[in-house]
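Terminal number for the sequence shown in this note's numbering: 516, no gaps in between.
By construction, the Cβ of each residue, glycine as well, lies at the ideal position given by its N, Cα and C atoms.
Contents: one structure, followed by commentary.
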Amino acid sequence: MTHVPETHTRRKRLLWRATHRGIKEMDLILGGFVVKHLDGFSDVEIAELERIMEIPDQDMLSWATKQVDVPREYVSPLLTRLLAHTP
430 MTHVPETHTR RKRLLWRATH RGIKEMDLIL GGFVVKHLDG FSDVEIAELE
480 RIMEIPDQDM LSWATKQVDV PREYVSPLLT RLLAHTP
């Protein structure tokens with residue numbers, strides 16, 4: 430049996446979660462960003478993305494469309510890059 434590194438498993442799980450959000454717009458924004466950048470993420474960025482994945486779609490969509498400012502407790506360089514992503 431071949432051992433699969435934990436980071437590989439985490440990346441696969443994140444990719445699936447990012448592309449199956451429930452709101453099509455978030456599938457495009459979040460999923461598109463993750464598809465494009467996930468392979469280059471460090472372990473720290475993977476942990477941050479896991480935290481970001483817990484944010485409800487409606488909140489992230491309102492931040493991405495600039496309807497609402499991102500609350501201070503969620504601001505991070507990775508989230509800023511993600512919200513600036515255009516599919």
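Identity of the residue in the options nearest residue i by Cα
i: R480; options: S491, R439, P434; result: R439
i: T515; options: K441, M455, G451, T436; result: M455
i: L530; options: P434, K453, L459; result: Not covered by the structure: residue 530. The range shown for the chain is 430 to 516.
Through-space distance from residue j to residue i, alpha-carbon basis
i: F470; j: H437; result: 11 Å
i: L467; j: I475; result: 8 Å
i: W492; j: K441; result: 26 Å
i: V463; j: Y503; result: 18 Å
i: T518; j: L490; result: Residue 518 is absent from the model: the chain starts at 430 and stops at 516.
i: P434; j: I484; result: 26 Å
Close Cβ partners of residue i (< 8 Å) along its chain, the five nearest in sequence each way excluded
i: G451; result: D486
i: K495; result: none
i: D472; result: T436
i: K465; result: H514
i: L507; result: E474, E477, L478, I481
i: G461; result: H514, P516
Residues of its chain near residue i, where Cβ-Cβ distance is below 7 Å and the 5 sequence neighbours each way are ignored
i: S505; result: E477
Spatial neighbours of residue i in its chain, beta-carbon cut-off 6 Å, leaving aside the 5 residues before and after
i: L457; result: P516
Any contact of the region 489 to 506 with the region 439 to 448, i.e. 3+ C-beta pairs under 8 Å? They do not touch, by the three-pair rule.
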